[in-house]
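If you read the sequence shown in UniProt numbering, its first letter stands for residue 1, the second for the next number, and so on.
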Amino acid sequence: MDINSLKMAAQKRFAGVCRVCPVCNGVVCAGEVPGMGGLGTGAAFRHNVQALAECRLNLRTVHDVKKTDLSCRLFGIDLVMPVISAAIGGIALNMNGAMTEEDYTQAVVSGCRQAGSIAMTGDGPNPLVFDAGMAAIGREAGWGIPIIKPRETEKIVELAKQAAAAGCPAFGIDIDAAALVNMINAGQPVGPKTIQELEYIKNHTTIPFIVKGIMTPDDAESCWQAGVDAIVVSNHGGRALDHTPGTAEVLPYIAEAVKGKMTVLVDGGIRSGADVLKMLALGADAVLLGRPLAIAAVGGGREGVEVVLNKYKAELSAAMTLTGTAQVSDVPVEILW
Numbered sequence: 001m002d003i004n005s006l007k008m009a010a011q012k013r014f015a016g017v018c019r020v021c022p023v024c025n026g027v028v029c030a031g032e033v034p035g036m037g038g039l040g041t042g043a044a045f046r047h048n049v050q051a052l053a054e055c056r057l058n059l060r061t062v063h064d065v066k067k068t069d070l071s072c073r074l075f076g077i078d079l080v081m082p083v084i085s086a087a088i089g090g091i092a093l094n095m096n097g098a099m100t101e102e103d104y105t106q107a108v109v110s111g112c113r114q115a116g117s118i119a120m121t122g123d124g125p126n127p128l129v130f131d132a133g134m135a136a137i138g139r140e141a142g143w144g145i146p147i148i149k150p151r152e153t154e155k156i157v158e159l160a161k162q163a164a165a166a167g168c169p170a171f172g173i174d175i176d177a178a179a180l181v182n183m184i185n186a187g188q189p190v191g192p193k194t195i196q197e198l199e200y201i202k203n204h205t206t207i208p209f210i211v212k213g214i215m216t217p218d219d220a221e222s223c224w225q226a227g228v229d230a231i232v233v234s235n236h237g238g239r240a241l242d243h244t245p246g247t248a249e250v251l252p253y254i255a256e257a258v259k260g261k262m263t264v265l266v267d268g269g270i271r272s273g274a275d276v277l278k279m280l281a282l283g284a285d286a287v288l289l290g291r292p293l294a295i296a297a298v299g300g301g302r303e304g305v306e307v308v309l310n311k312y313k314a315e316l317s318a319a320m321t322l323t324g325t326a327q328v329s330d331v332p333v334e335i336l337w
């Protein structure tokens, strides 16, 4: 299986809900929510891609970096590179039933493990979404990170305890889903969280706690004050609030505020190993991939996910060599032009 055949298969199975464009930039699919596009004008999705495109790398080849080290450790587990799968759920609604929820989640969870990475799994108004994630994680002996909607606090604690019992290394909430209409319409209220509510969740759970959907330094500081273990700089793939900046634009300010105090992850518009390196230079400890791995799973199942992750690994290593970067744990901002 190669990238081109994988994309052709995905395009056919998506049946129009995702065109698998040569450049996945949110232009063609603007406003297609439900679907794979960005909310409203699609500006937030486009800003993610544009912000990374505007970051340029300095090509350096007179140095002593003969070998690159891509390995990293997150939440007590060793990964071959600082790249993990973002949580995506609601396959029937957003992907036009290109796969079943169970098959999609299993493909991503198993494919990530085979490639030496780890997947986050999703949540939604239908309990099937969370349950499919937990089932897939269970088949991989706890190798996965469930991400829970910003539900009522006690419900989050209940689901986080399920994750801990399954052997998951961490759990999280995607706080950027605080105004998700389909959750509210299903009688499952979601909303923002106070520092005290985040602190309560942290104090009543036993595994590392991730808050995804942070776009400002003050929100990052609030998470740190609450004892949160990690944040994900994210605008929900441009699907939560229109007209937000790209994640690469805000990441340096957030990293300046909390880097070293907590783990800083980021997603949004990452389309190559070179993009991964840019995000590390801007202050991230690791990145999340969403749409690229969704296309991989739909086009090639577990094997497709593994193929795409291996592609990113090769690209990241090459970009490190060509910028004189030896380790992903020490990526200087000076590699950016």
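Note that CB positions come from ideal geometry on N, CA and C, so glycine has one too.
Please name the residue or residues paired with residue 212 in a DSSP beta bridge.
174 and 232.
Can you tell me where the alpha helix (DSSP H) holding residue 247 begins and where it ends?
That run of the alpha helix (DSSP H) goes 247-258.
Option in 56, 202, 305 and 186 with minimal Cα separation from residue 225:
For residue 225, the nearest C-alpha among the options comes from 202.
Let me check understanding here. Comparing Cα to Cα, which of 82, 258, 249 and 197 lies closest to residue 317?
Minimum Cα distance to residue 317 is reached at 82.
Return the bridge partner residues of residue 287 from the DSSP annotation.
For residue 287, which the question treats as bridged, DSSP gives the partners 83 and 266.
When you compare only the Cα positions, how much space is there between residue 134 and residue 290?
Each residue's alpha carbon lies about 19 angstroms from the other.
Please list the terminal residues of the continuous beta strand (DSSP E) segment that includes residue 146.
Where residue 146 is concerned, the enclosing beta strand (DSSP E) stretches over 145-148.
The beta strand (DSSP E) that contains residue 74, what's its start and end?
In the DSSP assignment, residue 74 falls within the beta strand (DSSP E) that extends over 72-74.
Roughly how many whole angstroms lie between the Cα atoms of residue 127 and residue 116?
Rounded to the nearest whole angstrom, the C-alpha separation of residue 127 and residue 116 is 28 angstroms.
Helix, strand or coil for residue 8, going by three-state DSSP, please let me know.
Here residue 8 sits in helix by DSSP.
Residue environment, residue 179, which counts as buried when at least 16 other CB atoms sit within 10 Å
When all chains shown are included, residue 179 counts as exposed.
Please state whether DSSP places residue 347 in a helix, a strand or coil.
The question about residue 347 has no answer here: the residues shown for the chain are numbered 1 through 337.
Would you call the region 27-41 and the region 156-170 touching, i.e. three or more CB-CB distances under 8 angstroms?
Output reads no: the region 156-170 does not touch the region 27-41.
In chain order, what residues of the same chain have a beta carbon less than 7 angstroms from the beta carbon of residue 88, not counting five sequence neighbours either side?
The residues are 122, 290 and 294.
Output the boundary residues of the alpha helix (DSSP H) element that contains residue 110.
Per DSSP, residue 110 is one residue of the alpha helix (DSSP H) stretching across 101-114.
Under the rule that 16 or more other beta-carbon atoms within 10 Å means buried, what is residue 23, buried or exposed?
Exposure of residue 23 is indicated by the presence of fewer than 16 other C-beta atoms within 10 angstroms of its C-beta.
Beta-bridge partners of residue 119, as assigned by DSSP
Note: residue 119 sits in a beta bridge opposite 85.
Going by beta carbon distance, what residues of the same chain come within less than 8 angstroms of residue 256, once the five residues before and after it are set aside?
Short of 8 angstroms from the beta carbon of residue 256, and not among the five residues preceding or following it, lie these beta carbons of its own chain, in chain order: 217 and 283.
Just the C-alpha distance for residue 278 and residue 253, rounded to the nearest angstrom, thanks.
Roughly 15 angstroms separates the two Cα atoms.
At the level of alpha carbons, what is the spacing between residue 285 and residue 299?
Spanning the alpha carbons of residue 285 and residue 299 requires a straight line of approximately 29 angstroms.
Does residue 2 pass the burial test, meaning 16 or more other C-beta atoms within 10 Å, or should it be called exposed?
Residue environment: residue 2 is assigned as exposed (fewer than 16 neighbouring CB atoms within 10 Å of its CB, all protein chains considered).
According to DSSP, is residue 335 helix, strand or coil?
In the structure shown, the three-state DSSP call for residue 335 is helix.
Please report the distance separating the alpha-carbon of residue 152 from that of residue 205.
About 15 angstroms.
Cutoff 6 angstroms; reference residue 76; Cβ partners in own chain excluding five residues on either side
Same-chain partners within the cutoff: 169.
From residue 7 to residue 63, what does the alpha carbon distance come to, in whole angstroms?
Per the coordinates, the alpha-carbon of residue 7 lies some 37 angstroms from the alpha-carbon of residue 63.
If you follow the alpha helix (DSSP H) that residue 22 is part of, which residue opens it and which one closes it?
For residue 22, there is no enclosing alpha helix (DSSP H), as DSSP gives it neither H nor E.
Could you please give me the residues that DSSP links to residue 78 through a beta bridge?
Listed as beta-bridge partners of residue 78 by DSSP are 73.
I'd like to know if residue 83 contacts chain D, where contact means its C-beta is closer than 8 angstroms to some C-beta of that chain.
Looking for chain D here will not work: only one protein chain is present.
Residue 150 and residue 130: beta carbons closer than 8 angstroms?
Taking 8 angstroms as the Cβ cut-off, residue 150 and residue 130 do not qualify as a contacting pair.
Should residue 339 go down as buried or exposed, given a rule of 16 or more other Cβ atoms within 10 Å for buried?
Within the shown structure, residues of the chain are numbered from 1 to 337, placing residue 339 beyond reach of any answer.
Per DSSP, residue 327 is paired with what?
Under the DSSP definition of a beta bridge, residue 327 partners with 69.
Report yes or no: do the region 243-253 and the region 15-30 share at least 3 C-beta pairs separated by less than 8 angstroms?
Contact fails: fewer than three Cβ-Cβ distances are below 8 angstroms.
Take the Cβ of residue 313 as the centre, count every other Cβ of all protein chains shown within 10 Å, and call the residue buried at 16 or more, exposed below.
So residue 313 counts as buried.
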